[in-house]
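Novice:
Protein chains in written order, with the numbering used here: chain Y, 12 to 213; chain U, 6 to 156.
1. Is residue 125/U buried or exposed, if buried means 16 or more other CB atoms sit within 10 Å of its CB?
2. Is there contact here, the segment 125 to 136 of chain U with the segment 94 to 103 of chain U, by at least three beta-carbon pairs under 8 angstroms?
3. Rounded to whole angstroms, how far is the Cβ of residue 68/Y from the Cβ of residue 34/U, which I believe are closer than 8 angstroms?
4. Nearest by alpha-carbon distance to residue 159/U: which of 42/U, 50/U and 72/U is it?
5. Anything in the segment 40 to 59 of chain U with a Cβ closer than 8 angstroms to a Cβ of chain Y? List those residues in chain order, please.
6. CA-CA distance, residue 171/Y and residue 63/Y?
7. What are the residues of the segment 111 to 129 of chain U that lie near chain Y, defined by any Cβ-Cβ distance shorter than 9 angstroms?
8. Interface residues of chain Y around residue 97/U at Cβ under 7 angstroms?
9. Give, in chain order, every unbroken run of the alpha helix (DSSP H) that is at least 4 residues long and sits entirely within the segment 41 to 128 of chain Y.
10. Any beta carbon of chain U sitting closer than 8 angstroms to that of residue 213/Y?
11. So which of 191/Y, 27/Y, 138/Y and 179/Y has the shortest CA-CA distance to residue 201/Y?
12. Does the structure place the segment 42 to 55 of chain U close enough to the segment 13 to 24 of chain U that three or more beta carbon pairs sit under 8 angstroms?
13. Using 8 angstroms as the cut-off, can you tell me whether the segment 183 to 192 of chain Y makes contact with the segment 129 to 146 of chain Y, which would need three or more C-beta pairs spanning the two stretches below that distance?
14. Measuring straight from C-alpha to C-alpha, what distance separates residue 147/U and residue 40/Y?
15. Alpha carbons only, please: which of 107/U, 70/U and 145/U is nearest the one belonging to residue 91/U?
16. Would you say residue 41/Y lies against chain U (beta-carbon separation less than 8 angstroms)?
17. Counting only runs that start and end within the segment 16 to 70 of chain U, where is the alpha helix (DSSP H) found for 4 or more residues in a row?
18. Applying the criterion that 16 or more other CB atoms from any shown protein chain within 10 Å of the CB defines a buried residue, is residue 124/Y buried or exposed?
19. Tell me the rounded alpha-carbon separation between residue 77/Y and residue 110/Y.
20. Out of 205/Y, 197/Y, 55/Y and 22/Y, state which residue places its alpha-carbon closest to the alpha-carbon of residue 135/Y.
21. What is the rounded straight-line gap between the Cα of residue 203/Y and the Cα of residue 121/Y?
22. Which complete beta strand (DSSP E) runs does the segment 85 to 117 of chain U hold, if anything under 3 residues is left out?
23. Name the two residues that bound the continuous alpha helix (DSSP H) containing residue 206/Y.
24. For the segment 48 to 73 of chain Y, which residues have a CB atom closer than 9 angstroms to at least one CB atom of chain U, in sequence order?
25. Have a look at residue 86/U and residue 64/U and give me their C-alpha separation to the nearest angstrom.
26. Which residue marks the beginning of the alpha helix (DSSP H) containing residue 29/Y, and which one marks its end?
27. Nearest to residue 85/Y by alpha carbon, out of 21/Y, 106/Y and 144/Y?
28. Checking contacts by CB at 8 angstroms: is residue 72/U closer than that to chain Y?
29. Should residue 49/U and residue 136/U be called a contact, given that it needs their Cβ atoms to be closer than 8 angstroms?
30. Looking at the secondary structure, which residues open and close the alpha helix (DSSP H) in which residue 16/Y lies?
31. Are any of the Cβ atoms in chain Y nearer than 8 angstroms to that of residue 17/U?
32. Assuming contact is defined by CB atoms lying nearer than 8 angstroms, are residue 150/Y and residue 165/Y in contact in what I supplied?
33. Give a yes or no on whether the C-beta atoms belonging to residue 183/Y and residue 169/Y are separated by under 8 angstroms.
34. Here's the rule: buried if 16 or more other CB atoms are within 10 angstroms of the residue's CB, otherwise exposed. What is residue 139/U?
35. Would you mind telling me which residues of chain Y sit closer than 9 angstroms to residue 76/U, beta carbon to beta carbon, in chain order?
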């Protein structure tokens, strides 16, 4: 009997009734470290397009021309919030969550280079790639129409009947060689690797 | 509108029935919808009840970029939902196709081509709170004049 009275009194408390009918857990707040859509930090964009090149989602980011410079724009229906553009940007134009803090603390960065690959089976040694390459032309203006060159500093040259790549690291990734190759034997690929400052020195 | 209808509208706006359909996604958004049901987000405290029956549903959550096999079936599901109804696109896939919108994939986004979409929740996947907020913000739209729309 006593317990019944106790429970009746307990359940008739206005506070209990209010809580029972109206209490809701507050909509959970987004934590400050949530990796949301990247926002602009105000640093000047130099239009290196690293963000666009590393973005895994189609059409998610575009670097657009504004009145006084360049500005990356994120498209929410396409962006997957992976944060790679924030990591790849050398000027820290974009910010998202705590990515910038973490990369600064750990000294991590994304390092990219261009890899040239020639399929010798379909290459017909015309030398178009060596001749059309703007870097080659600058290094050795005397580069012959057949792609042979006396300079050892060129990216690639025709040597002993086949195209030999000498200095891959000089490639700027313009892909002019790919465009001028008659049977798509040469391929330019952009390679990206995550590096840590301490690790690179060791 | 009579006072009775007003009361009915108010009561109905606190009991939203949700049905969801996955028209070819990676299941990431399905898991976020499931997370809404879990105690941490607890979708039912807002009176939103998820049960996969289009004939009782008010809100249809569409997940995933549309694959060819789903085109006619999605239309059937949409037709089964009684008026008034809304569809909410969950995630990037129904909006743009996201990473599946590439050459050589068998998808035909966006889902707006097949059924009318009232709200979109971008994200890959969206947070459960974003899904919750979207459902709660489209609910007043359908229940405002629910009674008048009754056949």
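Virtual Cβ for every residue (Gly too), placed ideally from N, Cα, C.
Specialist: Considering the structure as presented:
1. buried
2. yes
3. With 8 angstroms as the limit, residue 68/Y and residue 34/U do not qualify as a contact, their Cβ atoms being about 15 angstroms apart.
4. In this structure chain U extends from 6 to 156, so residue 159/U is not present and cannot be described.
5. 45, 46, 47, 50 and 51
6. 39 angstroms
7. 115, 125, 127, 128 and 129
8. 88, 89 and 91
9. 61 to 65, 95 to 99 and 110 to 117
10. Model confidence at residue 213/Y stands at a pLDDT of 47, short of 50, so the residue's coordinates are unreliable and nothing is read from them.
11. 179/Y
12. yes
13. yes
14. 27 angstroms
15. 145/U
16. yes
17. 33 to 42
18. exposed
19. 26 angstroms
20. 197/Y
21. 6 angstroms
22. 91 to 95
23. Looking at the DSSP string, residue 206/Y is not in any alpha helix (DSSP H); the run it does join, the beta strand (DSSP E), is 197 to 207.
24. 48, 67, 68, 69, 70 and 71
25. 9 angstroms
26. 25 to 33
27. 106/Y
28. no
29. no
30. 13 to 22
31. no
32. yes
33. no
34. buried
35. Near residue 76/U there are no residues of chain Y at all, since even the closest Cβ is about 20 angstroms away, more than 9 angstroms.
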